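Protein chains in written order, with the numbering used here: chain A, 64 to 511; chain B, 5 to 308; chain C, 750 to 1010.
Comments concern the structure below.
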Amino acid sequence: MKKILAITLSILMLFTITACGNGGSGSTNVGSADISADNTVTPPPDSDGAELSGTIVVWCWDPTYNIFAMDEAAKIYREINPNFDIEVVDMPMDEIQTTLITTAASGTLNNLPDIFLLPDYAFQKNVIQFPEMFFDITDSGIPFHEFASSAVANSVVDGRNYGVSFGAGTTIFAVRTDYLTEAGFTVDDFTDITWGQFIELGKVVLEKTGRPMISTSSGGDFISFMLQSAGASLFHADGTPNIANNSTLHDAINTYLELINTGVLLQVNNWDEYTTSFISGAVTGTISGCWIIGSMQTAQDQSGNWAVTNMPRLDIPGGTNYSNFGGSSWAISSNSENAALAIDFLKHTFAGSVEFYENILESSGALPTWLPAGTSNIYMEPQPFFGGQAIFTDIVGYTEHIPAIITGEFWSEVSVAVTNAVVNILGGADITVALQEAEDTVIFQMGR
Amino acid sequence: MHIPNSHATRKPFLSLERKRSLSGWAFLSVAACLIIWLNFYPMVRGFIIALHTGAGANMTLSNPIYRNFARLFEDPQFRQTVSTTFLYLIVQVPIMLVLALILASMLNQPSLKGKAIFRTAIFLPCAVGLVAYALIFRQMFAHDGLINSVLIGIGVFETGHNWLNSVWSARLVIIIGLLWRWTGFATVLYLAGLQNIDRSIYEAAKIDGAGIFQQFWKITIPLLSPIILLTAIMSTNGTLQLFDESMNLTGGRPGMSTMTMSHYIYQTAFVHSPNLSYASAMSFAIFIFVAVLALIQIKVGDKR
Amino acid sequence: MYAFLSVASFLSVFPLYWTVVSATNSSSDIIKGSLLAGTHLFQNFYHLLELYNLSTALMNSTLNAVVLTVASVIICAMAGYGFEAFHSKAKDKLMSILLLSMMIPFAAVMIPLFQLTANMGLLNTTIGFILPSLSTAFLILLFRQSTRSFPYEMIDSARIDGLNEISIFFRIFMPTMKSTFAAATVITFMSAWNSYLWPSIVFRGDPSAFTMPMLIARTIAGNVTDHGVVMLAALIATIPTIIIFFFLQKYFVEGIAGSIK
């Protein structure tokens, strides 16, 4: 068949093409060098809301949470500044991320919105990789000191602020009180305890009710928030990975293994299985970011049977019962023509309005990292779903104590490497060897 | 593909040859230019990106210039995804092709009733949206999912197996998912091929005393070999570029054990701290794998 | 044989059945694995309409897919016809080079393709969306192979009647090759209808331009996923492709058959 000849030719053609590429590359600049001008825009740093006008375009995801909050914030701000309009575009975070990357690579920054949302774990990475996209809001007058320090830390690079935190990811231990009663315990027995105590209590619950205490779909995430609760990071201060000789990581992994081996923690495979496990009553409770209560409350027949407390701590110096899982921050894009308006808007809502946080609480369940909101009376109201516990005040109380950590540019790489290591360790690999391997992988990925 | 007759018979007007040839070029020029402009040109640009490091506006030529290609050989995660992808290829493609052949020959029986219904049913998986498909497969293979309930019910397992939580069974689920999604498409292609085979050949074989299996081996397979080759190349190409199942069905888990090359490229470019240059270099590796395998398949397919 | 086919059909249809059933169930029933129809269809539909702009997504998806399918099928049919009806060695060589484009992973060209589209000011436009898949080697190949069995006497007699080459293509070739066109339509429509990554980059940030697969991506983007809404959206997105295949299936098989003679 003469197709053979054709394909052989094609392969030859391939090498011709690659050779051409090789020759031309010296003179070709990838991406575009023309975007430097965009970075120098400086809006008036402080301003009176009344003088500013315009339409702010916002990219964020989740109509019941972030988008809802943005719309409510716009309502509040319009009372202060009637010349303000907003256009909130529903965009999943993966799409925002791919858009930032393709935009940066093609140098067409003028297509970015005024404000966009990024998940906290990816915030520093984007600022470090694409500094030309982010507006430095350090001196904008936004009161960063009024936010939980752990939440602000996620959007700080080299001491400069680039984001306004929204949506607390404060970790909670939410638990079915009816199952605890069955085992002869109360929530207080699980408050302010260590993982060691948690495992002992968990064994009793498992024996008496047949239910594991908690479930997780990702060992990596679970270990991450265990680490943060002790203020431990997977990076050294100089940005190099801190995996192989990280004693806190060893402790966290050993605790995780013990949780699995004792049957206190049930491993599931994905998010759906995870939410099913606590909604269906396959497990006693769950440890996750506080936004998880939105999933619980879909099962209204369980109203009154849930309670919330803090998570167990690692039994080491610096170990606390507070950590963070999830959360995100608003960024202002550097080429926004309305940057001053966008700053003023955020300042009077997400970073300054108790009323705003009150308005969004019931419908979205979004909790503030802006601490003054926690003083509101609405937060102190008992929640019938949680047996009359004033969980919102409790959670805002935890938020304040979360240790801040470095996420850095390579959080995702480290997270995947550690997750992979945990799978290998569960499969019988030696912990020291597996973690050394993980560290080598990350160092390889960082060396470009 | 098999070429039935010589082209010479089609060109009776030699005097008009030149004019004709030009009309031909005119007809194909739009499509050809579009492919060169929108496939080959970006590929060359992609290659140039692969020779750089950095991100966004700050890209510089890498040092040494083949740095990103050299990385391919040093990267254990890339190696892992290559072997996982080839595992899917080696197991899934042959099973799918055989299954599709069997289904197609059954659907081609003249005596079969309800042909249109069976044909539509078997083709349906191609039409089911990816998100629904991933969600359903995850649920079927969940620890307390349907598959375990059935297997416990018929006594295969005592307690059920956590399919997606162990390396080999999670890979198996991906292969089952691929089979489910693509066997129908291959079946339709074979069915089309079978309709070109004159039924009298089978009648003659029957008279000569050939059984169903002999007919299958001696008539169906040889006459279908061009299209078998085509589907083999297409599915090799598709499997080596596999992304959807890895991304949506297992998320590459447990660990990275079910992750494919394309998923790893996506992760490198869009999930991790973006390394577009290295992602481009990996894309070229896939391109070369596909091209080489297609060449081998054509060589092997030709000998028969 | 019937047993084997029935089992195969059952396995093929089952996930679709599950999608249909799930669209009528509440989120918590779905994750518990309910296999029976529920009573939440209207509630799911209500939530879907309340949170997302379904009609815009359906209209955009239809518009994009139809424009792309029509344009792409005509361009590739002309090319396939040009390659085969005016056959020459040089054209064969060009064809095998074009076939190489099938082996390029999308990831390899995505960024440069985006640069190209942005530089031409085609972001957020239908043209920007259809451009990369307007001409595909697969479709050209399909038409080229089918043209082999075309009765050339028809072309010759049309030429004697004084028709020009373009008219021959549209008035003689197209009507005769109905089934190949049907096959090409099914394949192109399905991939256009289901494409996600490219439109999500090209239609970035334009809420009036988003498509069905982008809508589905939005239904699973939040902290809390309403599976009833997801499955209903997935079902609605599946229906058009099923309808297209069902009505064109006879021609589809013939069309493919024509190309592999």
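For every residue, glycine included, the Cβ atom is placed at its ideal position computed from N, Cα and C.
Remember, it's a predicted structure, so these values are computed and weren't measured experimentally.
Q | Buried versus exposed, by CB contacts within 10 Å (16 or more), HIS208(A) | A | exposed
Q: State the start and end residues of the unbroken beta strand (DSSP E) segment that holds ARG239(A).
A: 234-239
**Q.** Neighbourhood of SER340(A) by C-beta distance below 6 Å, restricted to the same chain and skipping five residues each side
**A.** SER278, VAL331 and VAL346
(Q) When you compare the CB of ILE74(A) with every CB in chain B, is at least one pair closer than 7 Å? (A) In this prediction, ILE74(A) scores a pLDDT of 42, lower than 50, which makes its location untrustworthy; the coordinate-derived value is nonetheless stated afterwards. Taking Cβ atoms only, chain B reaches closer than 7 Å to ILE74(A), which makes this a yes.
(Q) Looking at the secondary structure, which residues open and close the alpha helix (DSSP H) in which GLU135(A) lies? (A) 129-143
Q) Using DSSP with H/G/I as helix, E/B as strand and the rest coil, what is ARG511(A)? A) ARG511(A): coil per DSSP, three-state reduction.
(Q) Rounding to the nearest angstrom, what Cα-Cα distance links LEU243(A) and VAL250(A) in this structure? (A) 8 Å
Q | Coil, strand or helix - PHE375(A) by DSSP | A | The residue asked about is misnamed: residue 375(A) is Pro in this sequence, not Phe. Of the three classes helix, strand and coil, the one that applies to PRO375(A) here is coil, per DSSP.
Q.
So, at 7 Å on beta carbons, what are the nonlocal neighbours of ARG223(A) in its own chain, with the 5 sequence-adjacent residues on each side left out?
A. ASP199 and THR201
(Q) Looking at the strands, I want to know which residues DSSP matches up with ALA394(A). (A) PHE179(A) and GLY226(A)
Q: Taking C-beta pairs closer than 7 Å, name the residues in chain B that VAL762(C) reaches, listed in chain order.
A: ALA125 and LEU128
Q) Could one say the Cβ of VAL486(A) lies closer than 7 Å to chain B's Cβ atoms, at least one of them? A) The C-beta of VAL486(A) comes closer than 7 Å to at least one C-beta of chain B.
(Q) Here's the rule: buried if 16 or more other CB atoms are within 10 angstroms of the residue's CB, otherwise exposed. What is TYR901(C)? (A) exposed
Q: Could you tell me which residues DSSP puts in a beta bridge with GLY117(A)?
A: PHE147(A)
Q.
For PHE17(B), count the other beta carbons within 10 Å of its own beta carbon; 16 or more makes it buried, fewer makes it exposed. Which is it?
A. Residue confidence for PHE17(B) is low, a pLDDT of 49 falling below 50, so the modelled location carries little weight and cannot support an answer.
**Q.** Inter-stretch contact at 8 Å, needing at least 3 Cβ pairs: the stretch 818-835 of chain C / the stretch 966-985 of chain C
**A.** No contact exists between the stretch 818-835 of chain C and the stretch 966-985 of chain C.
Q. Who are the neighbours of ILE342(A) on chain C, taking C-beta pairs under 9 Å?
A. Chain C residues near ILE342(A): SER777, ILE780 and LYS781.
Q. Would you say ASN483(A) reaches chain B, if we count a Cβ-Cβ gap shorter than 7 Å as a contact?
A. yes
(Q) Can you give me the C-alpha to C-alpha distance between ALA453(A) and GLY352(A), rounded to a whole angstrom? (A) 17 Å
Q.
So ALA362(A) contacts chain C; which residues on that side make the cut at Cβ distance below 9 Å?
A. Neighbours of ALA362(A) in chain C, taken as residues whose beta carbon is under 9 Å from its own, are SER777 in chain order.
**Q.** Cβ pair count under 8 Å reaching 3, the stretch 253-271 of chain B against the stretch 167-180 of chain B
**A.** yes
Q. Listed from N- to C-terminal order along the chain, which residues in the stretch 148-176 of chain A have their beta-carbon within a distance smaller than 9 Å of any beta-carbon of chain C?
A. GLU150, VAL151, VAL152, ASP153, MET154, PRO155, MET156, ASP157, GLU158, ILE159, THR161, THR162, ILE164, THR165, THR166, ALA168, SER169, GLY170, THR171, ASN174, LEU175 and PRO176
(Q) To the nearest angstrom, how far is the alpha carbon of SER777(C) from that of ASP407(A)? (A) In this model, SER777(C) and ASP407(A) are separated by some 42 Å (Cα to Cα).
(Q) Give me, in chain order, the residues of the same chain whose beta-carbon lies closer than 8 Å to that of LEU101(B); leave out the 5 immediate sequence neighbours on both sides. (A) ALA190, ILE232, THR235, ALA236 and SER239
Q) Going along the chain, which residues of the stretch 238-258 of chain B sit with their C-beta nearer than 7 Å to a C-beta in chain C? A) ASN241 and GLN245
Q) Can VAL120(A) and GLU150(A) be called in contact, C-beta distance under 7 Å? A) yes
Q. Exposed or buried, SER810(C), counting other C-beta atoms within 10 Å across all chains shown (16 or more means buried)?
A. buried
Q. So which of PHE930(C), TYR751(C), LEU865(C) and ILE991(C) has the shortest CA-CA distance to LEU128(B)?
A. Looking at the Cα atoms, ILE991(C) is the closest of the given residues.
Q.
Any beta carbon from chain A within less than 7 Å of THR224(B)'s own beta carbon?
A. Residue-level contact by beta carbon fails for THR224(B) and chain A, as no gap is shorter than 7 Å.
Q. Can you check whether the CB of HIS267(B) is closer than 7 Å to the CB of SER250(B)?
A. yes
Q.
Starting from GLN330(A), trace the beta strand (DSSP E) in both directions and tell me its first and last residue.
A. 328-330
Q) Closest by CA to VAL192(B), which one among THR85(B), GLY213(B), MET47(B) and ALA125(B)? A) Among THR85(B), GLY213(B), MET47(B) and ALA125(B), the Cα nearest to that of VAL192(B) belongs to ALA125(B).
Q: Have a look at MET750(C) and PHE141(B) and give me their C-alpha separation to the nearest angstrom.
A: 27 Å
**Q.** For SER296(A), the nearest candidate out of ALA315(A), SER281(A) and GLY282(A) (CA to CA)
**A.** ALA315(A)
Q | Collapsed DSSP secondary structure at TRP433(A) in the structure displayed | A | strand
Q) Along the chain, which unbroken stretches of the alpha helix (DSSP H) at least 4 residues long are found entirely within the stretch 907-978 of chain C? A) 927-943, 946-951 and 961-968
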